[in-house]
Amino acid sequence: MIDPRWLRQFAAVAHTGNITRAAEQLHLAQPAVTMTIKKLEQHLGLTLFERHQGRLHLTAEGTRLLEHAERILAALTLAEQDMTALHDLNAGEVTIGIPSMLGSFYFPPLLMAFKHRYPGLSIRVEEAGTQNVLEHLLQGELGLGIVLTADLPAGLCGLPLLREEMVAVVARDHPRAHQSHIRLDDFLAEELAVFRHGFYHREYIEDMARQRGLRPRIGFESNLIPLLKAVVRQGFAVTTVLRMVIEHDTDLVPISFETPYFLDLCLAWPKERRLSRAEQAFIDFIREQHQGPLQGEAALVIT
1 MIDPRWLRQF
11 AAVAHTGNIT
21 RAAEQLHLAQ
31 PAVTMTIKKL
41 EQHLGLTLFE
51 RHQGRLHLTA
61 EGTRLLEHAE
71 RILAALTLAE
81 QDMTALHDLN
91 AGEVTIGIPS
101 MLGSFYFPPL
111 LMAFKHRYPG
121 LSIRVEEAGT
131 QNVLEHLLQG
141 ELGLGIVLTA
151 DLPAGLCGLP
161 LLREEMVAVV
171 ARDHPRAHQS
181 HIRLDDFLAE
191 ELAVFRHGFY
201 HREYIEDMAR
211 QRGLRPRIGF
221 ESNLIPLLKA
231 VVRQGFAVTT
241 VLRMVIEHDT
251 DLVPISFETP
261 YFLDLCLAWP
271 KERRLSRAEQ
281 AFIDFIREQH
291 QGPLQGEAAL
301 VIT
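Read in order, the letters of the sequence shown are residues 1 to 303 in UniProt numbering.
Rendered as C-alpha cells:
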C-alpha cells in the first residue's frame, strides 16, 4: 500500500522539479525525500522521474501517478477539514476557483461578507480561467468554482450566480467612442488586447472570429486587467470585458455589441464529491445572497 506521505513528497518534487526545494517546502531533510522517491519507484516497479538539464521531469508513468496523487491528497485534505469543522464552523477552509475579472470586481464584497459571518474559516482563492476551473472541478482538485452555465457538464451541480454583459472597450478619444453599438466584424478588425488562452474572454473572441472566417488582430496578451486597461487607455488596442470591470473608469468607454452578448455564470461543485461543512456553508451563503432573479435583459448568451 502506498503511504500518503510518499504521495505528498512525490507531488512536491513533481511540482518543483527539484528534491532540495521540495524538501524545503515540506520541512524535511533532502536525503529523506530522496529515499522516499526511491521507495515509491521500487514499490511500483516504475521510473517516475528523469533528469534533464539539472531538473527532474516526470516520465509518462510519473504523470499518471501525479494525477492520482493530486486527487487522493485533495480528498485527504477535505477529510481533515471536514473532521475539524464537525466541532463548529470556526475552523476549516473554503477553496474556490474564480476567474480574475470576477475575483477583482464582483467577489470581494461577497467573500468579505462570508468571512464576517464565519471569521474562523479560511478562504483560499485559486485564480484561473473558467476552462481551467472546469477541468479542476471535474478532476476533483477543486471543491467549488465559477464556470459558464452553458458549459456545465452532467458531473457538476450549479447554482446560478450572475448574468453580465460583455462589452467592447475603447479609449475616450477613440473614433468609435461615440457609438452606442459596434458590429462584431468592426470590433474584430481593430487591434485587440486580450487574455491568454483558458479564459472565456479569449475563447469568446476566437470563437466569434472563427464563425466569421476572420483572424483576430491580437496585439497584446495578458491576464493582468490593469495592464489591459492601460493598453486601451493609451489607444494601442481595444478589448472586451464584463461591463462591471470598467464601470468606474471614466477614461474608458464601454460599447455594447450590435447583438448584445451576456455571460451566464454559476457556482459549481462536483456531484460525486462530498462537500465539507465549510463548503456547504459557502453554497448556502451564496444562495441566500442571490434569492432574486438573475439580472439582465434577454439576449444571446455566449456558450
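Glycine residues also receive a C-beta, built at the ideal position from the N, C-alpha and C atoms. Just so it is clear, the structure is predicted and the values come from calculations on it, not from any experiment.
Span of the beta strand (DSSP E), counted from its first residue to its last, around residue i
i: Phe220; result: 217–221
i: residue 362; result: Missing from the structure shown is residue 362; the chain here goes from 1 to 303 and no further.
i: His52; result: 49–52
i: Phe199; result: Premise fails: Phe199 is in no beta strand (DSSP E) and is neither H nor E.
i: Pro254; result: 252–257
i: Thr95; result: 93–98
i: Leu148; result: 144–148
Extent of the continuous alpha helix (DSSP H) run through residue i
i: Arg273; result: That residue, Arg273, is in no alpha helix (DSSP H); it is neither H nor E in DSSP.
i: Phe187; result: 184–189
8 Å Cβ cutoff met for residue i and residue j
i: Gly145; j: His136; result: yes
i: Glu206; j: Pro216; result: yes
i: Phe107; j: Val245; result: no
i: Glu127; j: Leu242; result: no
i: Ala168; j: Val238; result: yes
i: Ala14; j: Ala23; result: no
i: Ala177; j: Val253; result: yes
i: Val133; j: Ile255; result: no
i: Ser276; j: Gly54; result: no
i: Lys271; j: Gly155; result: yes
i: Glu247; j: His181; result: no
i: Thr240; j: His201; result: yes
i: Glu50; j: His43; result: no
i: Leu78; j: Glu61; result: no
i: Ile123; j: Leu110; result: no
i: Ala268; j: Leu121; result: no
i: Arg71; j: Gly140; result: yes
i: Pro4; j: Leu76; result: yes
i: Val94; j: Cys266; result: no
i: residue 318; j: Gln131; result: Outside the displayed range of the chain (1 to 303) lies residue 318, so it cannot be described from this structure.
i: Asp251; j: Arg233; result: yes
Interface flag, residue i vs chain C, CB-CB below 8 Å
i: Gly92; result: The structure shown contains no chain C, having only a single protein chain.
Nearest-angstrom Cβ-Cβ length linking residue i and residue j, presumed shorter than 8 Å
i: Phe114; j: Phe285; result: 5 Å
i: Leu46; j: Trp6; result: About 13 Å separates the two Cβ atoms, so there is no contact after all.
i: Asn223; j: Arg183; result: Actually they do not touch by this definition, with Cβ atoms about 27 Å apart.
i: residue 325; j: Gln25; result: This structure cannot speak to residue 325, because the chain is shown only from 1 to 303.
Residue i: CB within 7 Å of a non-hydrogen atom of the ligand MG
i: Asn18; result: You won't find the ligand MG in this model; it holds no ligand whatsoever.
Would you call the region 257–266 and the region 224–232 touching, i.e. three or more CB-CB distances under 8 Å?
The answer is no - the region 224–232 does not touch the region 257–266, with fewer than three Cβ pairs under 8 Å.
Counting Cβ pairs closer than 8 Å, one from the region 180–188 and one from the region 149–161, do we hit at least three?
Pairwise C-beta distances place the region 180–188 out of contact with the region 149–161, as fewer than three of them are shorter than 8 Å.
In chain order, which continuous runs of the alpha helix (DSSP H) of length 4 or greater are located wholly inside the UniProt domain "HTH lysR-type" (2–59)?
Within the UniProt domain "HTH lysR-type" (2–59), the runs of alpha helix (DSSP H) at least 4 residues long that lie entirely inside it are, in chain order, 4–16, 19–26, 30–44.
Can you list, in chain order, the stretches of the beta strand (DSSP E) that have 3 or more residues and sit fully within the region 106–139?
Correct list: 122–127.
Three-pair Cβ contact test at 8 Å for the region 51–68 versus the region 1–16
At 8 Å Cβ cutoff, the stretches touch.
Within the region 204–250, note down every full alpha helix (DSSP H) run reaching 4 residues or more, in order along the chain.
Counting whole runs of 4 or more residues, the region 204–250 contains the alpha helix (DSSP H) stretches 225–233.
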